[in-house]
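Trainee: Residues -29 to -1, 1 to 250 in mature numbering (1 follows the signal peptide of the UniProt record, and there is no 0) are what the sequence shown lists, from first letter to last. Once you've had a glance at the structure underneath, I'll fire off some questions.
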Amino acid sequence: MAAACSAKRRRWGRAVYEIACLSAGLACAAVEAVLKGELDNAYSLSRPPGHHCLPDQSMGFCFLANIPIAVERAKAQLGLGKVAIIDWDVHHGNGTQHIYLQRDDVLTISLHQDGCFPPGYAGEDDRGVGAGEGYNINIPLLAGAGDDSWRYALETIVIPALVRFEPELIIIACGYDANAMDPLARMQLHSDSFRAMTEQVQQAADRLCGGKLVMVHEGGYAESYVPFCGLAVMEALSGIRTEVQDPLLEFIQQQQPRATFAQFQRQAIDRLAQQFGLQ
């Protein structure tokens, strides 16, 4: 760690390593609690995030690879086998992909805005290397994609990929920056989108791995709106509906893309599903 931090471009501020360790530790604790049956599912409110962190350097606000650290700890200490990682942060989960690109025991799926971050990257042709061939799936979505596009991608690619893989545990890298108010992307999701997406994966987890689902917090930079999206996810996970109302829900629903856009994006998703052998 000292060597990695010595280069000027990688220099960290005071106590960053300790804080990053706490963030990764939350993910570790969440995974352990679910695998041991202490919790039905869990949400790790990890900060800083981790999905951009590369094996040899930090990147994109991410200092440690929270989810891979939790996965590898569970494999070493708890005998965890196959794991599926779904990343719906609006930015590509490049760090997680890099770590598992040559592995067939971890399925990595990233839904992200095409070309957003890392700049210019889409990734649909990066499907794994060696033993990992076919175990890395990228779903680049067009800027402006809304509720229909994201949920259709889950239904058409993500869920069938999970069924084919048969994981023992599902982890979601849960970024909220695909929401319509986020300053670092150009997507059109709202709180009910995140609620429905969580429920889609929950249902798959119930069928495939006894409901073992862990969500680990990633990005989301619209400070006035992320709390409503996060609450919707928590309500879905817990099965408890609060009386809190999303004041922007109707506004964002009215801004959803027109049917012609949604159909165009669906066709692109269908083509990807065929390429991945899922249709």
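Heads up, the beta-carbon is just placed ideally off N, CA and C, and yes, glycines get one too.
So C200 is in the alpha helix (DSSP H); what residue range does that whole segment cover?
Mentor: Here residue 200 refers to the residue found at position 229 of the sequence shown. Taken as a continuous stretch (DSSP letters only), the alpha helix (DSSP H) holding C200 covers 197 to 209.
Trainee: What three-state label does DSSP hand L160 in the structure shown?
Mentor: As a position in the sequence shown, residue 160 is number 189, starting the count at 1. Residue state, collapsed to three classes: strand.
Trainee: Below 6 Å CB to CB, which residues in the same chain sit around S15 once its five sequence neighbours on both sides are set aside?
Mentor: By 1-based counting over the sequence shown, the position of residue 15 is 44. Contacts found: L(-4), A(-3), A1, V187.
Trainee: Do you know how far the Cα of Q238 is from the Cα of F232?
Mentor: As a first step, residue 232 must be located in the sequence shown, where it is residue number 261. As a first step, residue 238 must be located in the sequence shown, where it is residue number 267. Near 10 Å, if we compare the C-alpha coordinates of Q238 and F232.
Trainee: I want to check one thing, is the minimum distance from the CB of L35 to the heavy atoms of the ligand NAP below 6 Å?
Mentor: With respect to the ligand NAP, the structure offers nothing, as it holds no ligand at all.
Trainee: Just curious, the alpha helix (DSSP H) that C(-2) is in, first and last residue?
Mentor: Here residue -2 refers to the residue found at position 28 when the sequence shown is read from its first residue. That run of the alpha helix (DSSP H) goes -14 to 6.
Trainee: Only counting the same chain, and skipping five residues up and downstream in sequence, which positions put a Cβ closer than 7 Å to that of L220?
Mentor: As a working note, residue 220 is residue 249 in the sequence shown. The answer, listed in chain order, is H161, S162, D163.
Trainee: So, under 8 Å CB-CB, G115 and R166 are touching, yes? Tell me the CB distance rounded to an integer number of Å.
Mentor: Counting from 1 along the sequence shown, the entry for residue 115 is found at position 144. Counting from 1 along the sequence shown, the entry for residue 166 is found at position 195. No, G115 and R166 are not in contact; Cβ-Cβ is about 21 Å, not under 8 Å.
Trainee: For A144, tell me which candidate among I38, E43, R242 has the shortest Cα-Cα distance.
Mentor: Stepping through the sequence shown from its first residue, residue 144 is reached at position 173. Among I38, E43, R242, the Cα nearest to that of A144 is on I38.
Trainee: For the pair the stretch 98 to 106 and the stretch 7 to 24, tell me if three or more CB-CB distances fall below 8 Å.
Mentor: Result no; under three Cβ-Cβ pairs closer than 8 Å.
Trainee: Identify, in the order they occur along the chain, each residue of the same chain with its Cβ nearer than 8 Å to the Cβ of Q73, setting aside the five sequence neighbours on each side.
Mentor: Translated into the one-based positions of the sequence shown, residue 73 becomes position 102. So the qualifying residues of the chain are G99, V100, G101, A102, G103.
Trainee: From the DSSP output, read off the bridge partner residues of N37.
Mentor: Within the sequence shown, residue 37 is the residue found at index 66, counting from 1. In DSSP, N37 forms no bridge with anything.
Trainee: Would you kindly report the start and end of the unbroken alpha helix (DSSP H) that includes Y71?
Mentor: Taking the sequence shown and counting its residues from 1, one reaches residue 71 at position 100. Looking at the DSSP string, the run of the alpha helix (DSSP H) that includes Y71 is 65 to 71.
Trainee: Alpha carbon to alpha carbon, how far is F247 from L179?
Mentor: Looking up residue 247 in the sequence shown gives position 276. Looking up residue 179 in the sequence shown gives position 208. Looking at the two C-alpha atoms, the distance is approximately 20 Å.
Trainee: Could you give the distance in angstroms between the alpha-carbon of L6 and the alpha-carbon of R229?
Mentor: Residue 6 sits at position 35 when you count from the first residue of the sequence shown. Residue 229 sits at position 258 when you count from the first residue of the sequence shown. Using only the alpha carbons, I get a separation of about 42 Å.
Trainee: Compute the Euclidean distance between the alpha carbons of I211 and D153, then round it to the nearest angstrom.
Mentor: Here residue 211 refers to the residue found at position 240 of the sequence shown. Here residue 153 refers to the residue found at position 182 of the sequence shown. Taking the straight line joining both Cα atoms gives about 26 Å.
Trainee: Compare the Cα-Cα distances from G(-17) to each of E137, P90, F222, S29 and report the closest residue.
Mentor: Taking the sequence shown and counting its residues from 1, the one referred to as residue -17 is at position 13. Of the candidates E137, P90, F222, S29, the one whose C-alpha sits nearest the C-alpha of G(-17) is S29.
Trainee: What do you reckon, are the CB atoms on N65 and P89 nearer than 7 Å?
Mentor: Taking the sequence shown and counting its residues from 1, the one referred to as residue 65 is at position 94. Taking the sequence shown and counting its residues from 1, the one referred to as residue 89 is at position 118. Yes. Within cutoff.
Trainee: Taking 7 Å as the cut-off, decide whether the C-beta atoms of A4 and I141 are in contact.
Mentor: As a first step, residue 4 must be located in the sequence shown, where it is residue number 33. As a first step, residue 141 must be located in the sequence shown, where it is residue number 170. No.
Trainee: Along the chain, where does the beta strand (DSSP E) that runs through L82 open and close?
Mentor: Within the sequence shown, numbered from 1, the residue matching residue 82 stands at position 111. Looking at the DSSP string, the run of the beta strand (DSSP E) that includes L82 is 77 to 84.
Trainee: Reducing DSSP to helix, strand and coil, say where S120 ends up.
Mentor: Counting from 1 along the sequence shown, the entry for residue 120 is found at position 149. Three-state DSSP puts S120 in a helix.
Trainee: Ordered along the chain, which non-local residues of its own chain (more than five positions away) have a Cβ less than 7 Å from that of G86?
Mentor: Counted from its first residue, the sequence shown places residue 86 at position 115. Only Y92, A93 meet the Cβ criterion.
Trainee: Excluding five sequence neighbours on each side, which residues of the same chain lie with their C-beta closer than 8 Å to the C-beta of N12?
Mentor: Position 41 of the sequence shown, counting from 1, holds the residue named residue 12. V5, Q173, A176, G182, K183, L184, V185, M186, L208.
Trainee: Mind checking which residues open and close the beta strand (DSSP E) that includes V185?
Mentor: Taking the first residue of the sequence shown as position 1, residue 185 is located at position 214. V185 -> beta strand (DSSP E) spans 184 to 188.
Trainee: Under a three-way DSSP split, which group does L140 fall into?
Mentor: Working through the sequence shown from its first residue, we reach residue 140 at position 169. Note: L140 maps to strand in three-state DSSP.
Trainee: In or out: G8 buried (at least 16 other Cβ within 10 Å) or exposed?
Mentor: Stepping through the sequence shown from its first residue, residue 8 is reached at position 37. Exposed, since its Cβ has fewer than 16 Cβ neighbours within 10 Å.
Trainee: Between residue 251 and A(-10), is the Cβ-Cβ spacing less than 7 Å?
Mentor: Examination of residue 251 is not possible in this model, given that the chain is present from -29 through 250 alone.
Trainee: Measuring only the C-alpha atoms, how far is F199 from E170?
Mentor: Within the sequence shown, numbered from 1, the residue matching residue 199 stands at position 228. Within the sequence shown, numbered from 1, the residue matching residue 170 stands at position 199. Approximately 16 Å between the Cα atoms of the pair.
Trainee: Quick one: grab the DSSP three-state call for C180.
Mentor: In the sequence shown, counting from the first residue as 1, residue 180 sits at position 209. Three-state result, C180: helix.
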